[in-house]
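Chemist:
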Amino acid sequence: MFPPAPNPPIAPTPAKFGEKDLIRKSASSITPASPRQTEVAKLIDVSKCIGCKACQAACLEWNNLHEEIGTFNGSYTNPPDLTPASLTLMRFTEWVNPETDTLEWLIRKDGCMHCEDPGCLKACPAPGAIVQYSNGIVDFVHENCIGCGYCIKGCPFNIPRISKVDNKAYKCTLCSDRIAVGQWPACAKACPTQAIVFGTKDEMKNWADGRIKDLKSRGYQNAGLYDPPGVGGTHVMYVLQHANTPQIYAGLPKDPTISPVVEIWKGVTKYVGFAVIGIAAAAGVLHHLVAGPNRVSEEDEENAEKLTGSDRT
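Mapping to UniProt numbering: the sequence shown position 151 is 151, numbers consecutive.
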């Protein structure tokens, strides 16, 4: 099975995703619209990655980002972590395989996973600051962001970063602006070995199956697809040689799930809040019916007039 051709034609879409493309919005109870677009996905085959960082450079160029020049810290991972100016990052790990006692150099492209059930969106208290389109992309709307950082706490992959410049949250958008006009994400377009490919989610799963069979035929019996069910699956997936231990790839979570705290914060407490408001409103109505509206006594009116008169003099 051969990889898809670069920039294959996909169904034409508007130049920019709009309200009709949304299926979820943070701090909102909008009714999900009927899907207008096919679910898309980016597949990263770590076994084909050569660590050239072309994807990292393409991300900076396309998004007009300017990361500060760092210093060598003994690792090829540079900068050492994701930042508001580095939305994708190549992470390098030296790992000794206990079965073969051989050293393996594991390389993983880190960035937003675009979860089907996004914890960042669930945790966000700002209406419309985080949205999910019907094709699966999770995007940040910066004019609605309040910089609270709850999205970081809600993300099981620890991806969003708060900028010290404008106090807004940033992450990979899966190049939603490029996808809207039928192009691949910049990182996938730049990859020289097709370690990063893009298409519909079904196409990417089929392509992954072929790659996994190839890896198993070459001795990687634990090869598999990383598409964690704990977050409903993701729209960025990995083909891993050692899928049974994803954590060896620079801390990739083995079974990521949304924190129960987020579920409580946006679930139980939401309805408790509604209940408190309802009780307060009912108490106000009951007080009005039993005690009647507040009335000012004649004595209070006379005292008020005296005070007003003394203020004028």
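Idealized CB from N, CA, C, for every residue including glycine.
In this structure, how does DSSP classify Leu-60 when only helix, strand and coil are distinguished?
Modeler: helix
Chemist: If you draw a straight line from the alpha carbon of Thr-77 to that of Gln-56, how long is it in whole angstroms?
Modeler: It is roughly 11 Å from the alpha-carbon of Thr-77 to the alpha-carbon of Gln-56.
Chemist: Assuming Leu-240 is part of the beta strand (DSSP E), what are its boundary residues?
Modeler: Counting along the chain, the unbroken beta strand (DSSP E) around Leu-240 starts and ends at 236-240.
Chemist: Within 10 angstroms of the Cβ of Gly-224, are there 16 or more other Cβ atoms? Answer buried if so, exposed if not.
Modeler: buried
Chemist: When the Cα atoms are used, what is the spatial distance from Glu-301 to Ala-281?
Modeler: Rounded to the nearest angstrom, the two C-alpha atoms are 29 Å apart.
Chemist: Note down the Cα distance separating Asn-7 from Pro-192, rounded to an integer number of angstroms.
Modeler: Unreliable positioning characterises Asn-7 in this predicted model, as indicated by a pLDDT of 47, which lies under 50. The coordinate reading is nonetheless provided below. Rounded to whole angstroms, Asn-7 to Pro-192 spans 14 Å at the Cα level.
Chemist: Can you tell me which of the three DSSP states Gly-18 falls into?
Modeler: In this structure, DSSP gives Gly-18 a state outside helix and strand, which the three-state scheme calls coil.
Chemist: For Arg-161, count neighbouring C-beta atoms within 10 Å of its own C-beta (all shown protein chains included) and say buried if the count is 16 or more, exposed if not.
Modeler: buried
Chemist: For Asp-139 and Pro-253, what's the separation of their Cα atoms in angstroms?
Modeler: 22 Å
Chemist: To the nearest angstrom, how far is it from the Cα of Ser-28 to the Cα of Gly-70?
Modeler: Answer to the nearest angstrom: the Cα atoms are 40 Å apart.
Chemist: Would you list, in sequence order, the uninterrupted beta strand (DSSP E) runs of no fewer than 3 residues that lie entirely inside the segment 177-206?
Modeler: 196-200
Chemist: To test your reading of the DSSP string, which unbroken beta strand (DSSP E) runs of 3 or more residues are found completely within the segment 45-95?
Modeler: none
Chemist: I'd like the list of long-range same chain contacts for Ala-5, defined as Cβ closer than 8 Å, with 5 residues on each side in sequence excluded.
Modeler: Low per-residue confidence applies at Ala-5: pLDDT is 46, beneath 50, and the placement is therefore not dependable, though the value from the model is reported in the following sentence. So the list is empty, once near-sequence residues are dropped.
Chemist: Does the distance from the CB of Asn-63 to the CB of Leu-87 come in under 9 Å?
Modeler: yes
Chemist: Do you know how far the Cα of Phe-17 is from the Cα of Ala-250?
Modeler: Distance between the alpha carbons of Ala-250 and Phe-17 is about 33 Å.
Chemist: Only counting the same chain, and skipping five residues up and downstream in sequence, which positions put a Cβ closer than 7 Å to that of Gly-51?
Modeler: Tyr-76, Met-90, Phe-92, Ile-107
Chemist: What does the Cβ neighbour count give for residue 336, buried or exposed, with the cut at 16 atoms within 10 Å?
Modeler: One cannot answer for residue 336 here, as it falls past the ends of the chain, which runs 1 to 313.
Chemist: Span of the beta strand (DSSP E) holding Tyr-220?
Modeler: First-last for Tyr-220: undefined, no H or E at that position.
Chemist: Within the continuous alpha helix (DSSP H) that includes Leu-121, where are the two ends?
Modeler: 119-123
Chemist: For Phe-157, which residues from the same chain have a beta carbon less than 7 Å from its beta carbon, with the 5 sequence-adjacent residues on both sides left out?
Modeler: Met-113, Pro-253, Pro-256
Chemist: Does the segment 41-51 come close enough to the segment 195-212 that 3 or more CB-CB pairs lie under 8 Å?
Modeler: yes
Chemist: Using three-state DSSP, classify Glu-305 as helix, strand or coil.
Modeler: helix
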